[in-house]
Amino acid sequence: MPTRVLVPSGVLGLGFDRSALARGVAMAPDIIAIDGGSTDSGPFSLGAGQSKYARAATKSEWRDLMLARAQAGVPLLIGTAGTCGADATVDWMFDITVELAAELGQTLRVARLYSSQSAESVCTALDKGRITPLTPAPEVSAKTLHSMSNIVALAGAEHIQEALKTGADIIIAGRTTDTATIAALPLMRGDHPGGAWHGAKIAECGALCSTNPTSGVIVVDFDETGFTVEAMHETALCTPHSVSAHMLYENTDPFILYEPGGHLDVTNAHYTALDARRVRVEGSEWVPGRYTVKLEGARIAGYQTTILAILRGAHYAAHAQQWVAKLTTFLTDTITRRMDLSPDSYSLDFRLIGVDGALGPLENRTGTPVEVGMLGLVTAQSQAIAAEIGKLINPFVLHYPLTEDEELPTFAFPYSPATTDRGALYEFALNHVMELDEPMSAFRLTVTEVGA
Amino acid sequence: MTAAMKTLGEQVLKVRSKNAGPFWVTIDIFCGSPQAYASILPRVRTADVGRLYGTPEQLVKRFDIPDLHVIKFSIPRPVVQGAAADRDMHGAQWAHLLDEMLV
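Here the protein sequences line up with chains A and B, keeping their order.
If you count the first sequence from 1, you need to add 373 to reach our numbering.
If you count the second sequence from 1, you need to add 23 to reach our numbering.
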């Protein structure tokens with residue numbers, strides 16, 4: 374059965390064009406699906422179990438989508454709620470939904486799909502040989518698993534379908550694959566499986582597959598042989614090039630995409646312009662395989678304090694690397710003597726902005742910068758130790774001379790205090806898949822009647 | 024280097040890079056035309072790209088995509104995204120090294 378999916382944007386919180394959304398709603402979609410996150414911004418969101426987007430931005434956009442849902446009379450679905458899709462951010466999104474239901478006077482059935490995994494359950498799977506590393510993967514053991522603050526499994530289409538079967542008006546899903554939220558309904562209705570997954574991948578970033586990426590809203594029509602994609606903003610065109618090029622985006626392999634229960638192969642897909650705005654895609658293949666779900670985990674890798682100094686003098690700017698090397702040796706010795714800390718229990722990392730700040734050892738250009746920013750990153754086992762090291766190095770970062778026979782220099786500190794305590798540094802600690810006999814066995818579904 | 028050599032960026036439409044998950048960076052060269060693609064293809068060698076990013080050639084995945092006039096490389100991140108030593112959370116500045124490579 375043909376299925377029309379409205380995708381308002383690549384992620385909730387980034388904004389979408391409201392007139393384009395209205396045009397999408399007027400096209401009578403069967404479902405409205407949007408992504409709520411990714412690992413794109415780094416490990417903090419998963420580690421801390423927090424959304425990266427402002428609550429106000431999320432609520433404002435979710436209000437528009439809840440109104441669009443009421444108007445269209447179809448389910449509204451968000452995947453990877455609250456950036457990381459941990460249980461805490463699913464509940465955060467649920468709280469926003471409850472508030473909005475009251476404000477808008479809506480009565481709703483809301484399904485929550487939870488993706489968080491306990492360390493114990495993953496340990497059990499590890500013992501049974503059901504955890505497989507991907508390349509490259511951090512080492513995994515019972516000890517590392519128990520050190521993680523959050524572990525999530527990426528839900529697939531089957532989990533979203535279970536949520537849809539509850540008859541929910543709104544589905545708030547924890548971590549899901551980017552594509553599963555869009556592919557679930559077309560697959561459930563018997564549309565072409567290769568087309569369902571491929572169309573979902575094309576649509577997952579909203580209008581990024583069109584000539585006007587920031588306009589957000591697109592509509593995908595799935596059917597028994599493939600899919601057709603169209604952007605809703607008047608100036609946004611989907612062309613065979615803009616659509617097929619999207620397979621390159623954030624993918625290591627532009628032809629193969631692994632999902633729970635198999636993989637998508639678009640090697641033989643062909644892209645045809647139906648007119649200036651719409652592209653038809655057929656020929657994508659779904660290849661069934663083992664039922665595995667990908668795992669993501671994050672843990673605290675230390676605590677950080679930072680310091681920033683600016684070297685404007687021409688001599689210091691030109692010799693910044695030499696200065697930093699000398700300063701590092703001096704400070705390492707000073708920290709050992711004054712704090713009785715061995716260098717392997719903390720790290721002191723000075724980055725020279727204007728020299729090689731972004732690329733470090735890979736940088737192959739040299740030049741004469743006007744000024745050099747010196748960003749110091751102290752990482753230690755507790756915030757108290759990192760802060761203490763920060764205070765200890767502060768006067769030397771301000772005054773350390775390049776040579777012994779010169780007057781003490783004073784560099785620019787942009788603020789006071791010069792040090793900033795950053796809190797916990799999280800790191801990604803899993804790049805593995807977990808095999809399941811029954812897809813729902815690692816996920817939980819809760820249905821709540823909300824409002825009125 | 025010969026006098027005729029120019030940066031890759033001067034000869035193509037765009038070079039971009041981005042994380043592909045926390046453990047990989049992917050770099051796309053958009054040549055912009057079949058002619059540019061045909062001209063660039065033999066001159067961008069996988070070993071040179073590996074060297075540029077400090078990665079052994081056998082770990083560099085390469086995709087030549089004539090339909091899009093694109094050459095794509097995917098490289099395991101030497102530093103996992105967000106680790107203490109990471110300098111570029113999104114991996115988007117890596118593109119400049121390839122953009123500036125003389126070919």
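Don't be surprised by glycine CBs; every beta carbon is placed ideally from N, CA and C.
Asked: Distance, A:Thr480 Cα to A:Gly730 Cα; Found: 53 Å
Asked: Members of the region 552 to 564 of chain A that neighbour chain B once the beta carbon cut-off is set at 9 Å; Found: none
Asked: C-beta contact flag for A:Val602 and A:Val590 at 7 Å; Found: no
Asked: When A:Glu607, A:Ala445, A:His643 and A:Ser491 are compared against A:Asp542, the one with the closest alpha-carbon; Found: A:Ala445
Asked: Proximity winner among A:Thr705, A:Tyr664 and A:Gly727, relative to A:Ala687 (alpha-carbon distances); Found: A:Gly727
Asked: Pair within 7 Å by beta-carbon distance, A:Val745 and A:Ala802; Found: no
Asked: 7 Å Cβ cutoff, B:Leu91 in contact with chain A; Found: yes
Asked: Chain B contact for A:Gly746 (CB, 7 Å cutoff); Found: no
Asked: Contact with chain B by A:Thr821, beta-carbon distance below 7 Å; Found: no
Asked: Which listed residue (A:Val823, A:Pro509 and A:Ile708) has its alpha carbon closest to that of B:Ile98; Found: A:Pro509
Asked: Cut-off 7 Å between Cβ atoms - residues of its own chain near A:Val611, not counting five sequence neighbours on either side; Found: Note that residue 611 of chain A is Cys in the sequence shown, not Val. Once the five neighbours on either side are set aside, the close Cβ partners of A:Cys611 are Cys582, Ser583, Val602, Glu603, Ala604, Arg650, Arg651 and Val652.
Asked: Positions along the region 801 to 813 of chain A whose CB lies within less than 8 Å of some CB in chain B; Found: Phe801 and Asn804
Asked: Chain A contact for B:Leu111 (CB, 7 Å cutoff); Found: Per the sequence presented here, residue 111 of chain B reads as Asp, with Leu not at that position. Answer yes: the Cβ-Cβ gap between B:Asp111 and chain A drops below 7 Å somewhere.
Asked: Whole-number beta carbon distance between B:Ala107 and A:Thr752, since they are thought to touch under 8 Å; Found: 5 Å
Asked: Boundaries (first-last residue) of the beta strand (DSSP E) holding A:Leu647; Found: Note, A:Leu647: premise wrong, no beta strand (DSSP E); not H, not E.
Asked: Distance CB(A:Glu577)-CB(A:Asp551) smaller than 7 Å; Found: yes
Asked: Nearest neighbour of B:Gln129, chosen from B:Ile88, B:Asp87, B:Val72 and B:Pro89 [CA to CA]; Found: Outside the modelled stretch of chain B, which goes from 24 to 126, sits residue 129 of chain B, for which no answer is possible.
Asked: Enclosing beta strand (DSSP E) for A:Arg672 [first to last residue]; Found: Thr665 to Leu684
Asked: Residue range of the unbroken beta strand (DSSP E) whose run includes B:Val48; Found: Trp47 to Phe53
Asked: Identity of the residue in A:Gly422, A:Val378 and A:Arg391 nearest A:Leu450 by Cα; Found: A:Val378
Asked: Span of the beta strand (DSSP E) around A:Met521; Found: Met521 to Ala526
Asked: Span separating the alpha-carbon of A:Gly409 from that of B:Leu75; Found: 35 Å
Asked: Closer than 7 Å to chain B by CB, A:Thr412; Found: yes
Asked: Closer than 7 Å to chain B by CB, A:Thr453; Found: no
Asked: A:Asp706 - containing alpha helix (DSSP H), residue span; Found: Ala693 to Met712
Asked: Contact list for A:Arg653 against chain B, beta-carbon separation under 7 Å; Found: Those do not exist, as A:Arg653 stays about 16 Å from chain B at its closest Cβ, beyond 7 Å.
Asked: A:Asn624 at chain B interface by Cβ criterion, 7 Å; Found: yes
Asked: Beta carbon proximity, A:Leu621 to chain B, threshold 7 Å; Found: yes
Asked: Residues that A:Thr752 contacts on chain B, provided the C-beta gap is smaller than 9 Å; Found: Ala107
Asked: A:Ile366 versus A:Lys538: straight-line alpha-carbon distance, rounded; Found: No answer is possible for residue 366 of chain A: it lies beyond the span of chain A, which begins at 374 and ends at 825.
Asked: Cβ-based neighbour list, A:Ile544, same chain, cut-off 6 Å, excluding 5 preceding and 5 following; Found: Leu450, Ala484 and Ala536
Asked: Proximity test, A:Ile533 beta-carbon vs the ligand GDP heavy atom, cut-off 6 Å; Found: For the ligand GDP, the structure offers nothing, since it holds no ligand at all.
Asked: B:Ser97 - DSSP class collapsed to helix/strand/coil; Found: strand
Asked: Contacts around A:Ile504, its chain only, beta-carbon distance under 6 Å, and the 5 residues preceding and following it disregarded; Found: Ala498, His805 and Met807
Asked: Candidates A:Gln423, A:Ile524, A:Pro448 and A:Thr679: closest to A:Lys667 by CA position; Found: A:Ile524
Asked: Between the CA atoms of A:Pro787 and A:Leu750 - distance to the nearest angstrom; Found: 16 Å
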